[in-house]
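The sequence shown begins at -3 in the working numbering and counts up by one.
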Amino acid sequence: MSTLKIGREHKARKALFTKGIRRGFLTLAEIDDALPAGSLSDAERWLLYYSLYAARVQILDGDGHRLGLEELRPPMESDEGDSAY
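Dropping the structure here:
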């Protein structure tokens, strides 16, 4: 990953935190606009959501409803094929 790309993503995350802490909330659309799909891995996006939650920033869906951490968690891969425990 280039240094320029890392710098842009860092600035985008910092701006999100600043805006979220100031207002107390962010929408999923605001987060997706600042950090589009593919710019963060699922684990990095989850860490962002968790960090915002820890900073007491609410994350709202498109209808303005608050989303909890469970709703923001990335889907887990199914273990259906591994039933031989």
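Virtual Cβ for every residue (Gly too), placed ideally from N, Cα, C.
The model shown is predicted, which means the values in this text are computed figures rather than measured ones.
Which term fits residue i, buried or exposed, when burial requires 16 or more other beta carbons within 10 angstroms of its beta carbon?
i	result
LEU43	exposed
LEU12	buried
ARG9	buried
Taking the alpha carbon of residue i as the point to measure from, which residue in the options has its own alpha carbon closest?
i	options	result
GLY34	ARG62, ARG69 and GLU5	GLU5
ILE17	LEU65, GLU66 and ARG52	ARG52
PRO70	GLY60, ALA30 and TYR46	TYR46
ARG19	GLN54, GLU67 and MET72	GLN54
Since residue i contacts residue j with CB under 8 Å, what's their CB separation in whole angstroms?
i	j	result
ALA25	GLY58	6 Å
LEU65	TYR49	6 Å
Tell me which same chain residues have a C-beta within less than 8 Å of the C-beta of residue i, skipping the five on either side of it?
i	result
LEU56	PHE21, LEU22, THR23, LEU24, ARG62 and LEU63
ASP38	PRO70
ARG41	LEU31 and PRO70
LYS15	LEU22 and GLU26
LEU36	GLU5 and LEU44
If we cut at 8 Å on Cβ distances, does residue i have a partner in chain D?
i	result
ASP59	Looking for chain D here will not work: only one protein chain is present.
To which residues of the same chain is residue i closer than 6 Å at the C-beta, ignoring the five residues directly before and after it?
i	result
LEU68	TYR45
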